[in-house]
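Taken in order, the sequence shown gives residues -25 to -1, 1 to 241; the numbers are from mature numbering (1 follows the signal peptide of the UniProt record, and there is no 0).
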Amino acid sequence: MYTQSCGAALFSALMLLLSCTLVSATDTGTNFLNLRTIITAAADTIWAPLNATGVSNVTNFGSIPAIAQSTIGTADLIANVTGSILGSKYSLDVNKAAFINNTTIPMDGIYTNYLDAIPTLSSALTALGKSWHQELNIPIYLAIEALTESVHGFGSSMLQANLITSNSTIRTIQVANTLSDAQAAWSKILNYPGRRRRSAPIVPVRRSTEGEARVIDGAIRRAEDVSQGDVKPASNAQCSEGVPCVNSFKKRRVGTVVGRSIVPWA
């Protein structure tokens, strides 16, 4: 029985096959340019419903303007980029000589040029995820995760084939981290927007009052001075009729929560 999941799997398989065909028919330089073009186009499409400040142009309690309506969803746009990168990785793994195609080695220049387009896509995804949107978060969250894995996988294949140096590997990790940040913007349930980052609040340093008790007038007295009174009776004190006084002083344990005092007689 044909289901929506089967249709999505068939669509992904066709995109991967098409990407592999295009990669094998072009040289490596053109391949990386095509990757950059696909990534840039996806970022521009995602940026469309956003204004210059990175806030979604939403009206009427979340309805997105007509410019934002698209026949392809955000998750599909990301999947298209993922399929293109996996197509390049597949071509390299299957036939390294055909992938190189007389291209100068190492390929750090054209490789990093393709990577430099990904942070723009990450910024677009982050801005859209933190704004009010109609799409569910989980498909886009998983799509970004698959894209991150494809970027790492393609970079590993390039390094193992000695087509790039360690400097490009560091750049790959940095770029993948931007995708991880974008993924966090889609981590809420349903279609709730992600939390916007704010500067860390300044928390004043408070002196611990552990073992101290605060009285009504605001003064602080040590716990051992708080019981029946502030003065501890002497052990040899004599009460009425020559009977020694029993030391009625009892230490009372106060709260040990740092930064808080618990009134001992409360």
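Ideal placement from N, C-alpha and C gives every residue a C-beta, glycine not left out.
>> So the candidates are Ser106, Ile93 and Gly84; which of them puts its Cα closest to the Cα of Ile122?
In response: Checking the sequence, you will find Leu at residue 122 rather than Ile. Residue nearest to Leu122 within the set Ser106, Ile93 and Gly84 is Ile93 (criterion: CA-CA distance).
> Helix, strand or coil for Leu111 per DSSP?
Replying inline: Residue state, collapsed to three classes: coil.
> Using 8 angstroms as the threshold, is the stretch 64 to 76 in touch with the stretch 126 to 137, meaning 3 or more CB pairs across them?
Replying inline: Taking a contact to require three or more Cβ pairs closer than 8 angstroms, the stretch 64 to 76 and the stretch 126 to 137 qualify as touching.
> Taking the alpha-carbon positions, what's the Leu117 to Ser66 distance?
Replying inline: Cα to Cα, Leu117 sits roughly 25 angstroms from Ser66.
>> How far does the alpha helix (DSSP H) with Leu103 in it extend, from its first residue to its last?
In response: In the DSSP annotation of this structure, the continuous segment of the alpha helix (DSSP H) that includes Leu103 starts and ends at Ile93 to Gly104.
>> For the structure I just gave you, are there three or more beta carbon pairs, one from the stretch 8 to 23 and one from the stretch 93 to 102, closer than 8 angstroms?
In response: Because the criterion of three Cβ pairs below 8 angstroms is met, the stretch 8 to 23 and the stretch 93 to 102 touch.
> Helix, strand or coil: how does DSSP classify Leu138 here?
Replying inline: In this structure, Leu138 counts as coil in the three-state DSSP scheme.
> How would you write the range of the alpha helix (DSSP H) that Lys64 sits in, first residue to last?
Replying inline: Going by DSSP, Lys64 is part of the alpha helix (DSSP H) stretching over Thr49 to Val69.
> Grouping DSSP H, G and I as helix and E and B as strand, with all else coil, what is Leu165?
Replying inline: DSSP places Leu165 in coil when its eight states are reduced to three.
>> Closest to Ile148 by C-alpha separation, out of Ile14, Gly128, Ile164 and Glu110, would be which residue?
In response: The residue with the shortest Cα to Cα distance from Ile148 is Gly128.
>> Distance cutoff 9 angstroms, beta carbons only. Does Leu154 sit that close to anything in chain D?
In response: No chain D is part of this structure, which consists of one protein chain only.
>> Once the 5 residues before and after Ser132 are set aside, which same chain residues still bring their CB inside 8 angstroms of it?
In response: Cβ within range, chain order: Lys64, Leu67 and Asp68.
> What's the C-alpha gap between Thr95 and Thr15?
Replying inline: Answer to the nearest angstrom: the Cα atoms are 8 angstroms apart.
>> Under DSSP, the alpha helix (DSSP H) around Ile85 begins and ends at which residues?
In response: Element bounds for Ile85: Asp83 to Leu90.
> Between Ile85 and Asp2, what straight-line distance do the alpha-carbon atoms span, to the nearest angstrom?
Replying inline: If you take the alpha carbons of Ile85 and Asp2, they lie about 12 angstroms apart.
>> Could you pull the DSSP bridge partners for Leu122 from this structure?
In response: Per DSSP, Leu122 has no beta bridge partner at all.
> Once you ignore the five residues that flank Ser155 on each side, which residues in its own chain have a CB closer than 7 angstroms to its CB?
Replying inline: Within the same chain, Ser155 has close Cβ partners Thr123.
> Could you give the residue range of the alpha helix (DSSP H) that holds Ile21?
Replying inline: Ile21: member of the alpha helix (DSSP H) spanning Thr3 to Trp22, first to last residue.
> Can you name, in chain order, every residue of its own chain whose Cβ lies under 6 angstroms from the Cβ of Trp161, other than the five neighbours on each side?
Replying inline: Gly104, Asn112, Ile115 and Tyr116.
>> So, under 8 angstroms CB-CB, Val150 and Leu61 are touching, yes? Tell me the CB distance rounded to an integer number of Å.
In response: So it is not a contact: roughly 16 angstroms between Cβ atoms.
> Is Leu8 near Asn70, with beta carbons less than 9 angstroms apart?
Replying inline: Going by C-beta atoms, Leu8 is not nearer than 9 angstroms to Asn70.
>> Here's a check: name, in chain order, each residue in its chain whose Cβ is nearer than 8 angstroms to the Cβ of Thr57, leaving out the five neighbours to either side.
In response: Non-local beta-carbon contacts of Thr57 in its own chain, meaning distances under 8 angstroms to residues more than five positions away in sequence, involve Ala118, Ala121, Leu122 and Ser125 in chain order.
> Apart from the five residues on each side of it in sequence, which residues of its chain come closer than 7 angstroms, Cβ to Cβ, to Leu52?
Replying inline: Residues of the same chain with a CB within less than 7 angstroms of the CB of Leu52, apart from the 5 flanking positions on each side, are Ala17, Thr20 and Ile21 in chain order.
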